[in-house]
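**Q** Have a look at this one before I ask anything.
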Amino acid sequence: MPEIDDIRPVTWHDGAVRIIDQTALPAELTYLDLTRVDALIAAIQRLAVRGAPALGVAGAYGVALAVLTGETDRIPALRAARPTAVNLAVGADRVAARLAEGFEAVLAEAHAVLTEDLTANRTLSVLGADWLLTRIDRRPLRLLTHCNAGALATGGWGTALGVVRELHARGLVEVVYVDETRPLLQGTRLTAWELARLGIPHRIQADGAAASTIVSAHVDAAVVGADRIAANGDTANKIGTLGVALACAHARIPFMVAAPTSTIDPATPTGAAIHVEQRAESELLTPAAPDTSRAHNPAFDVTPAQLVSALTTERGLLEPAHGDLPAQLWTP
């Protein structure tokens with residue numbers, strides 16, 4: 002079984018897009034070789050591969066697969082498979098721009114998307130860890146994270162969990178509170194799995210416990226990832242993130258967003274313009290629910306920039322709550 006540093010949720014392997022089937026975790030670490038674009042689209046939509054940066058890599062390799070199999074007509078469907086995470090379309094569009102140069106050029110560009118994501122995540126993790134240590138006097142740190150923004154959600158290192166990993170490597174993490182993340186339990190199934198493999202102490206808690214844990218002074222900072230960041234700094238992330246940000250504001254502790262600049266969408270002016278995906282009602286309507294009940298199941302919420310203490314990216318660290326949003330950072 003590979004070590005955590007070798008975890009690559011999306012790669013290219015012998016003419017196929019190889020993914021880790023994240024729906025099988027934590028029981029099994031299963032790899033799927035996808036040889037048709039529609040199979041990749043289906044995998045994305047059922048969350049076998051998920052996380053904004055990982056979806057960017059999937060979009061990139063998906064275009065390479067489309068060229069190899071003669072399915073370039075499916076590229077628009079691929080880039081639209083998950084509407085909230087901007088990285089998917091960004092990765093696909095970047096590689097599709099080289100279609101006229103042939104398959105080898107397309108595949109090389111897809112490889113570059115993966116390599117650059119790995120480098121970006123390492124850089125933003127160091128910057129984020131350094132910033133937290135200037136804002137928090139207590140050692141070691143007690144952190145909280147929501148959803149999964151680790152190796153599984155990226156090219157293979159992590160954004161929010163990348164910051165945690167950097168702090169852990171310095172011997173500065175006491176415990177990580179892991180929100181279970183309803184309704185698909187990415188925190189319980191994926192984040193806890195990664196932390197366990199890394200040997201980082203953690204406690205899984207119900208999403209509804211997060212605000213109390215924060216306000217009761219059990220947490221020094223919250224660190225989360227992002228699926229899309231608007232030009233004004235508003236941030237879309239897994240549903241429940243907004244509640245964490247509000248609790249951090251009340252407790253006056255840092256709320257950090259960790260994301261590569263590929264997650265920033267200059268074409269989206271504010272969070273109000275971010276399309277929030279609605280998941281299937283069946284994910285919430287368990288057998289315990291009355292037959293006549295309906296469900297409201299948004300996959301994401303939007304945290305206003307004013308609640309984001311720090312945004313750590315590979316190009317630098319900003320403080321959106323203080324109006325720190327230099328235009329040059331948003332320019333590709």
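Position 313 (the sequence shown) corresponds to 314 in my numbering; numbering is contiguous.
Built from N, CA and C at the ideal position, the CB exists for glycine as well.
On a CA-only basis, which of E181, R9 and E195 is nearest T189? Give me that one, please.
**A** What you label residue 189 is simply residue 188 of the sequence shown in a count that begins at 1. Checked all of E181, R9 and E195; the closest Cα to T189 is E181.
**Q** Taking the straight line between their C-alpha atoms, what separation do you get for E167 and G317?
**A** The sequence position of residue 167 within the sequence shown is 166, counting from 1. The sequence position of residue 317 within the sequence shown is 316, counting from 1. E167 and G317: Cα-Cα distance of roughly 16 Å.
**Q** Assuming contact is defined by CB atoms lying nearer than 7 Å, are P261 and P10 in contact in what I supplied?
**A** Reading the sequence shown from its first residue, position 260 is the one you call residue 261. Reading the sequence shown from its first residue, position 9 is the one you call residue 10. Against a cut-off of 7 Å, the Cβ pair of P10 and P261 comes out as no contact.
**Q** Tell me which residues share the same chain as G163 and place their Cβ nearer than 6 Å to its Cβ, disregarding the 5 neighbours each side in the sequence.
**A** Taking the first residue of the sequence shown as position 1, residue 163 is located at position 162. Result list for G163: N122 and S126, in chain order.
**Q** Between which two residues does the beta strand (DSSP E) harbouring L312 extend?
**A** Along the sequence shown, read from residue 1 onward, the residue named residue 312 stands at position 311. Note, L312: beta strand (DSSP E), A311 to T314.
**Q** Between the Cα of L247 and the Cα atoms of G60, I215 and E315, which residue gives the shortest distance?
**A** Taking the first residue of the sequence shown as 1, we reach residue 247 at position 246. The option with the nearest alpha carbon to L247 is I215.
**Q** In the DSSP assignment, what residue or residues form a beta bridge with T336?
**A** Given a span of 2 to 333 for the chain in the structure shown, any question on residue 336 remains unanswerable.
**Q** What are the start and end residues of the alpha helix (DSSP H) that includes W194?
**A** Taking the sequence shown and counting its residues from 1, the one referred to as residue 194 is at position 193. Here the alpha helix (DSSP H) through W194 covers A193 to L199.
**Q** Cβ of T269 within 7 Å of Cβ of A231?
**A** Position 268 of the sequence shown holds residue 269. Position 230 of the sequence shown holds residue 231. Contact flag set, yes.
**Q** Is A17 helix, strand or coil when you go by DSSP?
**A** Translated into the one-based positions of the sequence shown, residue 17 becomes position 16. In the structure shown, A17 sits in a strand (DSSP, three-state: E or B).
**Q** Can you tell me where the beta strand (DSSP E) holding G317 begins and where it ends?
**A** What you label residue 317 is simply residue 316 of the sequence shown in a count that begins at 1. G317 to L319 is the span of the beta strand (DSSP E), which, as asked, contains G317.
**Q** For A337, which of E278, A237 and G244 has the nearest alpha-carbon?
**A** Residue numbering for the chain in the displayed model covers 2 to 333; residue 337 lies beyond these limits and cannot be assessed.
**Q** Along the chain, where does the alpha helix (DSSP H) containing A93 start, and where does it finish?
**A** As a working mapping, residue 93 is identified with position 92 in the sequence shown. Element bounds for A93: V87 to A97.
**Q** If you measure from the CB of W194, is any heavy atom of the ligand GDP nearer than 6 Å?
**A** Within the structure as shown, the ligand GDP is missing, as the structure has no ligands at all.
**Q** Does the beta-carbon of T304 have 16 or more other beta-carbons within 10 angstroms, so that it is buried, or is it exposed?
**A** Position 303 of the sequence shown holds residue 304. Result: buried.
**Q** Around the C-beta of P255, are 16 or more other C-beta atoms found within 10 angstroms, so that it is buried, or is it exposed?
**A** Sequence index remark: in the sequence shown, residue 255 carries index 254 (1-based). P255 should be labelled buried.
**Q** Please determine, among T73, T70, L66 and L79, the residue with the shortest C-alpha to C-alpha distance to L56.
**A** Reading the sequence shown from its first residue, position 55 is the one you call residue 56. If we check each option's Cα against that of L56, L79 comes out closest.
**Q** Apart from the five residues just before and just after H276, which ones in its own chain have a Cβ nearer than 7 Å to its Cβ?
**A** As a position in the sequence shown, residue 276 is number 275, starting the count at 1. If we look at H276 and ignore the five residues flanking it on each side, its Cβ neighbours are P84 and T85.
**Q** So does the stretch 113-121 actually touch the stretch 149-157, counting three or more Cβ pairs closer than 8 Å?
**A** A contact exists between the stretch 113-121 and the stretch 149-157.
**Q** So, do the stretch 98-110 and the stretch 126-142 have three or more beta carbon pairs nearer to each other than 8 Å?
**A** No: fewer than three Cβ pairs fall under 8 Å.
**Q** Excluding the 5 residues flanking A130 on each side, which residues of the same chain have their C-beta closer than 6 Å to its C-beta?
**A** Residue 130 sits at position 129 when you count from the first residue of the sequence shown. Correct list, in chain order: V164, E167 and L168.
**Q** Between the C-alpha atoms of A59 and V87, what's the straight-line distance to the nearest angstrom?
**A** Taking the first residue of the sequence shown as position 1, residue 59 is located at position 58. Taking the first residue of the sequence shown as position 1, residue 87 is located at position 86. Going from the Cα of A59 to the Cα of V87 covers about 12 Å.
**Q** Quick check on the burial criterion: 16 or more other C-beta atoms within 10 angstroms. Buried or exposed for S283?
**A** The residue labelled residue 283 in the question sits at position 282 within the sequence shown. When all chains shown are included, S283 counts as exposed.
**Q** Is DSSP giving A222 helix, strand or coil here?
**A** Here the question's residue 222 lines up with position 221 in the sequence shown. Strand.
**Q** Are the Cβ atoms of V96 and E110 separated by less than 7 Å?
**A** Numbered from its first residue, the sequence shown carries residue 96 at position 95. Numbered from its first residue, the sequence shown carries residue 110 at position 109. For V96 and E110, yes; Cβs fall inside 7 Å.
**Q** Where does H203 sit, in a helix, a strand or coil, going by DSSP?
**A** On the sequence shown, position 202 is the one that residue 203 refers to. In this structure, H203 counts as strand in the three-state DSSP scheme.
**Q** With distances taken Cα to Cα, identify the nearest neighbour of H147 among A93, H203 and D94.
**A** Position 146 of the sequence shown, counting from 1, holds the residue named residue 147. Per the Cα distances, H203.
**Q** Quick one: is A43 buried, meaning 16 or more other Cβ sit within 10 Å of its Cβ, or exposed?
**A** If you number the sequence shown from 1, residue 43 lands on position 42. Classification of A43: exposed, given that the 10 Å Cβ count is below 16.
**Q** Helix or strand or just coil, what does DSSP make of L145?
**A** What you label residue 145 is simply residue 144 of the sequence shown in a count that begins at 1. Strand, per DSSP.
**Q** Taking C-beta to C-beta, are I201 and A193 nearer than 7 Å?
**A** For the purposes of this step, residue 201 is taken as residue 200 along the sequence shown, with counting starting at 1. For the purposes of this step, residue 193 is taken as residue 192 along the sequence shown, with counting starting at 1. Their beta carbons are not under 7 Å apart, which means I201 does not touch A193 by this criterion.
**Q** In whole angstroms, what is the alpha-carbon distance linking A65 and V107?
**A** Working through the sequence shown from its first residue, we reach residue 65 at position 64. Working through the sequence shown from its first residue, we reach residue 107 at position 106. C-alpha separation (whole angstroms): 6 Å.
**Q** Taking the alpha-carbon positions, what's the A211 to V245 distance?
**A** In the sequence shown, counting from the first residue as 1, residue 211 sits at position 210. In the sequence shown, counting from the first residue as 1, residue 245 sits at position 244. Those two C-alpha atoms are separated by around 7 Å.
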